[in-house]
Each structure stands twice: as C-alpha cells, then as structure tokens.
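Engineer:
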Amino acid sequence: MSTLIIWAMGAVLLLINIILRTRILRLEARLKELRNPQEQLAFLRQQAAKKNKIPAIKALRKQYPELSLVEANRLWKQVQ
294 MSTLIIWAMG AVLLLINIIL RTRILRLEAR LKELRNPQEQ LAFLRQQAAK KNKIPAIKAL
354 RKQYPELSLV EANRLWKQVQ
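To convert, count from 1 in the sequence shown and add 293; that's our numbering.
Right, here's the structure in full:
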C-alpha cells in the first residue's frame, strides 16, 4: 500500500515538474521575442570595447539571462 502511495506522489511531482518546465520555456521564448537583438548587439559591442570575450559574454548573459551560451557566442561572432 505505501509503495503505491509513493509511486503516485512521484508521478504527481513529475507531472508538476513537466508543467512548470514547459511554462518556463514558454516565458523565456516570449521574453526573447520582446527583446530587440540590436539592443543586445549594442550592449555586447560596448562590453567588447572594455573586456575580452569571456567577461563580455558573461556580462551579456547577466544583462539578458534568457540568452543561451550558444546565442551569446553567435552574437560575439557578429561583433567581431
């Protein structure tokens, strides 16, 4: 009986996790839509003038947390 309850609780927690993860991904996608890529490029150019690649990308991702590392690197290549 108790193992059945544990399995049921685990299934409910897994379902909640999937729902929350999906919602977070949708919110991040919406935030990316609202951001202007030119704004991100301008910020990165400003950072690149003061810093080398790694600190500039870290500053960019701190300013725009929705950016992945791959996206930040892609922007860096555009700046260079």
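Cβ atoms here follow ideal geometry from the backbone N, Cα and C, with glycine treated the same way.
1. State the start and end residues of the unbroken alpha helix (DSSP H) segment that holds Ser295.
2. Between Gln371 and Ala352, how many whole angstroms is the CB-CB distance? I'm expecting something under 8 Å.
3. Grab me the residues of Arg354's own chain with a C-beta within less than 8 Å of its C-beta, minus the 5 sequence neighbours each way, in chain order.
4. What's the C-alpha gap between Arg323 and Gly303?
5. Please say whether Leu368 and Leu337 have beta carbons closer to each other than 8 Å?
Structural biologist: Checking against the coordinates, here is how it stands:
1. Ser295 to Leu327
2. Wrong, their Cβ atoms sit about 16 Å apart, outside the cutoff.
3. Leu360, Leu362 and Ala365
4. 30 Å
5. yes
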